[in-house]
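Below: the structure, in structure tokens.
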Amino acid sequence: PTITFVDHRGVRRDIEIAEGHSLMEGARDAGIDAIAADCGGACACATCHVYIDDAWQARVSPRDSMEEEMLDFAAAQTDSRSRLACQITINASHNGLTVHTPETQG
Ligand code: FES
């Protein structure tokens with residue numbers, strides 16, 4: 002699936018992420034600077050914070066309680082669109098997904 006990352010300046014980048022990989026892994030492997038992913042995907046750093054439009058939320062797995070708690074530590078403001086990219090596993094239905102990264106991450 003092709004995923005579009007948009008940074009806080011509005012710069013867009015389309016990347017391919019293999020099914021079964023996390024949104025964070027795909028971003029890291031593609032060199033998306035805004036995704037530091039300091040903890041390596043353990044849901045323990047919140048440096049993979051992204052915003053996913055409400056329209057897409059139904060197509061990604063819901064937040065669990067660990068993700069909810071870790072989002073409290075995100076550097077940027079969180080809202081209903083906030084997710085940790087390491088907690089989202091990519092599948093075919095995510096083709097065309099657009100995610101925005103916070104200003105605090107780059
Ligand atoms: Fe650390 Fe996602 S990579 S919380």
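Residue numbers (the UniProt record's numbering): 2 to 107. Where is the CB? At the ideal position from N, CA and C, for every residue including glycine.
Should T79 be listed as close to the ligand FES, given that the test is whether its C-beta is under 7 Å from any heavy atom? Residue 79 sits at position 78 when you count from the first residue of the sequence shown. Result no, Cβ not under 7 Å from the ligand FES.
Report the rounded CA-to-CA distance for D26 versus T102, giving the unit in angstroms. Position 25 of the sequence shown, counted from the start, is the residue given in the question as residue 26. Position 101 of the sequence shown, counted from the start, is the residue given in the question as residue 102. It should be pointed out that residue 26 corresponds to Glu in this sequence rather than to Asp. Per the coordinates, the alpha-carbon of E26 lies some 15 Å from the alpha-carbon of T102.
Same chain only: Cβ atoms within 7 Å of W57, ignoring 5 sequence neighbours per side: One-based indexing of the sequence shown puts residue 57 at position 56. Closer than 7 Å at the Cβ level, and outside the excluded window around W57, lie L98.
M71: which of G41, V12, A47 sits nearest, CA to CA? Residue numbering aside, residue 71 sits at position 70 when the sequence shown is read from its first letter. Checking every option, the nearest Cα to that of M71 belongs to A47.
Determine the burial state of Q88: buried for a count of at least 16 other Cβ atoms within 10 Å of its Cβ, exposed for fewer. Start at 1 with the first residue of the sequence shown, and residue 88 comes out as number 87. Flag for Q88 reads buried.
Within a Cβ cutoff of 8 Å, which residues of the same chain sit near E68, ignoring the five residues on either side of it in sequence? In the sequence shown, counting from the first residue as 1, residue 68 sits at position 67. In its chain, beyond the 5 residues on either side, C44, R84, L85, Q88 have a beta carbon closer than 8 Å to the beta carbon of E68.
Integer Cβ distance of V100 from I16, believed to fall under 8 Å: One-based indexing of the sequence shown puts residue 100 at position 99. One-based indexing of the sequence shown puts residue 16 at position 15. V100 to I16, Cβ: 10 Å. No contact.
Three or more beta-carbon pairs under 8 Å between the region 34–42 and the region 60–67, yes or no? Verdict: no, contact absent.
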